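To start, the structure under review is shown below, and the notes come after it.
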Amino acid sequence: MITFRPRYEMSARDHDLAGIRDAVAKLCASFPMEYWRETDRERRYPTEFVRALTQAGWLSCLIPEQYGGAGLGLTAAAAVLEEIQRSGANGAACHAQMYTMGTVLRHCSEAQKKRYLPGIAKGELRLQAFGVTEPSAGTDTSSIRTTAARKGDRWVVNGQKVWTSRAEHSDLMLLLARTAPRDEARRTEGMSVFIVDMKSALGRGLTIRPIRTMINHATTEVFIENLEIPAENLVGEEGKGFRYIIDGMNAERILIGAECIGDARWFLAKATAYASERKVFGRPIGQNQGVQFPIARAHMATEAAALMVARSATLYDEHKPCGPEANMAKQLAAEASWQAGDMCLQTHGGFGFAEEYDIERKFRETRLYQIAPISTNLVLCYIAEHVLHLPRSY
Ligand SMILES: Cc1cc2nc3c(=O)[nH]c(=O)nc-3n(C[C@H](O)[C@H](O)[C@H](O)COP(=O)(O)OP(=O)(O)OC[C@H]3O[C@@H](n4cnc5c(N)ncnc54)[C@H](O)[C@@H]3O)c2cc1C
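Residues 34 to 427 in the numbering used here are what the sequence shown spells out, letter by letter.
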């Protein structure tokens, strides 16, 4: 397959990232496409892949050096995830370990960082679960019903989370719960973030039930009944959790944007190679403009979105406000990957449906990013209200 790398991509920034990209690409090459087909078919967690990434240090690349990580920024983490997707793999099995760092590094106490980060950096602990969504609170996070009540030196948590991905494969979870009733005037106040030690909580108030989905995503429902959490597991200040989660969410949107760029580039490489090789009516199908133009359009959409992903990651790394850019990056990249996926399927004709071409799997996987971690409509609502100052619509 042709490895598609646009010439102008090697800016100074990308030059610094070239070593990271090459190393991640080499690691991914040791996991052939059959590995991903098999894990997808069986809905099996890709433990071997996650272990290899952990051992190579990539999943802890955002953890500062004093805690045993590589101390890299979000720009570098985005390059890691983009490269994973570009290789045809599925980084969704482990990407949360990076985006949860948006909350942990900025808002956990020194004691919490010392307690958890070295273990995460060594691969002894996994922080892969992010418990925000609830059955009655998806898009509207402020209406979550899971509560945490202070009782002496503990918090007692009750409620339910849904779509908590990787919960069965994680030692720790960042959990958002209400610690004060919802006040209509200040809807996002009164929520707090906790670090939950899931292994000790299992069977003591925490129950996990897997949800089978159209993709291999290890997602679950989490039931919480009188779960006791030590008081020191509260992150930052009580009641300010939404703000802390937003830092995690901006990181998440940027990283998912990068994954979508990786997917889009994988689809583009695959389609370009096939369009050049496949002969119909005695000539390569890629000689027809009807086949070329959708490839060219998908390429342009991908490159434009990649610029927004890079811009938002830079702002994030500089600790500058990046909400609009993170949202735009995620949306533009998710649309570009979907456009590229659709184009790739069309370019392959019937063969695109065959499992062994991997297109149908990537097509399913990349579709998620128009729904999660935030749906396209809600990004549009955010841009309309917060950037264009149109009236709030929800
Ligand atoms: C595979 C998978 C993995 C996930 N992993 C996690 C995870 O690890 N942790 C976690 O916390 N969550 C996770 N999620 C949840 C995900 O973030 C939510 O599904 C997403 O935020 C949308 O919420 P919802 O599904 O409740 O949709 P709803 O909020 O019910 O919305 C349904 C539809 O209505 C539209 N809509 C709603 N309100 C408006 C409005 N005012 N204007 C216009 N349109 C509107 C939405 O855009 C959407 O298309 C995951 C979801 C999936 C499918």
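Glycine residues also receive a C-beta, built at the ideal position from the N, C-alpha and C atoms.
Predicted model, so just to flag it, every value in this text is computed and none were measured.
According to the DSSP secondary-structure assignment, Thr253 is paired through a beta bridge with Pro243. In the three-state reduction of the DSSP assignment, Gly106 falls in the coil class, being assigned neither a helical nor a strand state. In this structure, the alpha-carbon of Glu201 lies about 11 Å from that of Leu160.
Those residues whose C-beta sits under 5 Å from the nearest heavy atom of ligand 1 are, from N- to C-terminal order along the chain, Phe163, Val165, Thr166, Gly171, Thr172, Trp196, Ser198, His250, Thr252, Ala405, Pro406, Ser408, Asn410 and Tyr427.
With 16 or more other Cβ atoms inside 10 Å of its own Cβ, Thr305 counts as buried. For Asn410, the enclosing alpha helix (DSSP H) stretches over residues Thr409 to Tyr415.
If the five residues before and after Ile262 are omitted, its C-beta is found closer than 7 Å to the C-beta atoms of Arg187, Trp188, Val190, Phe227 and Val229, all from its own chain and listed in chain order.
Within the region 140 to 183, the complete alpha helix (DSSP H) segments at least 4 residues long are 143 to 155, listed from N- to C-terminus. Comparing C-alpha distances from Gly52 to each of Glu71, Val113, Thr180 and Ile407 shows the shortest one belongs to Val113.
The C-beta distance from Ala297 to Ala264 rounds to 45 Å, too long to meet the 8 Å contact threshold. Looking at the backbone, the Cα of Ala85 and that of Pro79 are separated by about 10 Å.
Remark: C-beta atoms of Met224 and Leu209 approach each other more closely than 8 Å. In this structure, the alpha-carbon of Tyr415 lies about 50 Å from that of Gly315.
Assignment of Phe314 by DSSP, reduced to helix, strand and coil, places it in the coil class. Rounded to the nearest angstrom, the gap between the Cα atoms of Arg425 and Arg220 is 14 Å. In the structure shown, the three-state DSSP call for Arg211 is strand.
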